[in-house]
Each structure stands twice: as structure tokens, then as C-alpha cells.
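Asks:
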Amino acid sequence: MTLAKAFVTGVVTKAPEKRFTQNDMAIAAFSLNIDANTNTILRVTAFGQLAETVSNMVAEGDSVAVEGKLQVNSYKLPNGKDKKVFEINASAVEKMSASVVSSNASGSQSTEQNIVTFDEAVEASNDLIDEDEIPF
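Per numbering that gives the first Met the number 0, the very first residue in the sequence shown carries number 0; after that it's consecutive.
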């Protein structure tokens, strides 16, 4: 297992599935296509309040930006081949969309950004790097 900080944007290919742990903590997971040319898919997992918000606000086809920890898990398939799965444990998810046109009271059209931000507090200690752990 490898952990690294990740910032990615992409299109949601599978709507969030919400479930709960035995301690009633919400978990939401969805698939994110980060490169349409190569069909590079990452699994994104959110926990707690962020999971609740993501499961209510994010849908298949939405463009989102995700910040979190990149985790690479390896395992063997039944046929003996090695498989790697890339997953992001999200600390923040931002739903992005193109500008929308709306009419105001005077009848003229204005352009506004339709951006919704969800953010979950992350312990500062998780973001600190111990200089003794850097290999160079």
C-alpha cells in the first residue's frame, strides 16, 4: 500500500454508493474518470459528513475535483495475475460545472458559476511530513 497526496479532476462514471460502518459512520464511494482518452478510472472514497454530502450532491456525469490521499492496493487475481487498484481517500470534493445562464428580474441574462464545495476538516498532523522519512 502506498499513500501520497493527490489532486485530481474528472467525470463521475458511477454515482456514489453510501453505506455505513458498524459505528454508523457514513462511507460514500464513486468512480472517477480522470482521462477520457485512456479511460483512466480511480475509485474515490469519502468518510463521515463528507460522505453524506457527496452521496446527496454528486451524480453520474458530474465533473468534480477531489483532494485526498492516493492509495495503491495490489492483489492477485484467481488466474494468478497481479492487479493494482488506485483509490483516493477524499478529504475534499468540489462539484464543478459550466457557467449557466439565468434571467434576472430586469429580463436580461447574466452568467453565474454553479459551484458547490464540500470540505471536511483534516487533522493538520496528517499533512505534516517528517523530514527524517524523506529518502534523499
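From the three backbone atoms N, C-alpha and C, an ideal C-beta is built for every residue, glycine too.
Note that the coordinates shown come from a computational prediction; the quantities given were computed from them, not determined experimentally.
Quick check: the Cα distance between residue 12 and residue 51, rounded to an integer number of angstroms?
Replies: Translated into positions along the sequence shown, residue 12 becomes position 13. Translated into positions along the sequence shown, residue 51 becomes position 52. Roughly 19 Å between the two C-alpha positions.
Asks: Buried or exposed: where does residue 44 fall if 16 or more other Cβ atoms within 10 Å of its Cβ makes it buried?
Replies: Counting from 1 along the sequence shown, the entry for residue 44 is found at position 45. So residue 44 counts as buried.
Asks: Could you check the C-alpha separation between residue 30 and residue 60 for me, to the nearest Å?
Replies: Translated into the one-based positions of the sequence shown, residue 30 becomes position 31. Translated into the one-based positions of the sequence shown, residue 60 becomes position 61. Approximately 10 Å between the Cα atoms of the pair.
Asks: Is it right to say residue 49 is buried, meaning 16 or more other beta carbons lie within 10 angstroms of its own, or is it exposed?
Replies: The residue labelled residue 49 in the question sits at position 50 within the sequence shown. Flag for residue 49 reads buried.
Asks: Are the beta-carbon atoms of residue 64 and residue 19 separated by less than 9 Å?
Replies: Working through the sequence shown from its first residue, we reach residue 64 at position 65. Working through the sequence shown from its first residue, we reach residue 19 at position 20. No, the pair does not count as a contact, with Cβ atoms beyond the cut-off.
Asks: Using the DSSP secondary-structure output, state which residues sit across from residue 62 in a beta bridge.
Replies: Walking along the sequence shown from the start, residue 62 turns up at place 63. Beta-bridge pairing links residue 62 to 10 and 95.
Asks: Does the Cβ of residue 83 have 16 or more other Cβ atoms within 10 Å, making it buried, or fewer, making it exposed?
Replies: For the purposes of this step, residue 83 is taken as the residue at position 84 of the sequence shown. Residue 83 should be labelled exposed.
Asks: Among residues of its own chain, excluding the 5 on either side of residue 105, which ones have a beta-carbon nearer than 8 Å to its beta-carbon?
Replies: Your numbering for residue 105 matches position 106 in the sequence shown. With a pLDDT of only 46 at residue 105, under 50, the local geometry of the prediction cannot be trusted, and the value read off the model is given with reservation. Excluding sequence neighbours, residue 105 sits near nothing in its chain.
Asks: Would residue 36 count as contacting chain B if we go by Cβ distances under 9 Å?
Replies: In the displayed structure, chain B is absent; only one protein chain is listed.
Asks: Which complete beta strand (DSSP E) runs does the region 28 to 79 hold, if anything under 3 residues is left out?
Replies: 39 to 46 and 62 to 75, all fully within the region 28 to 79.
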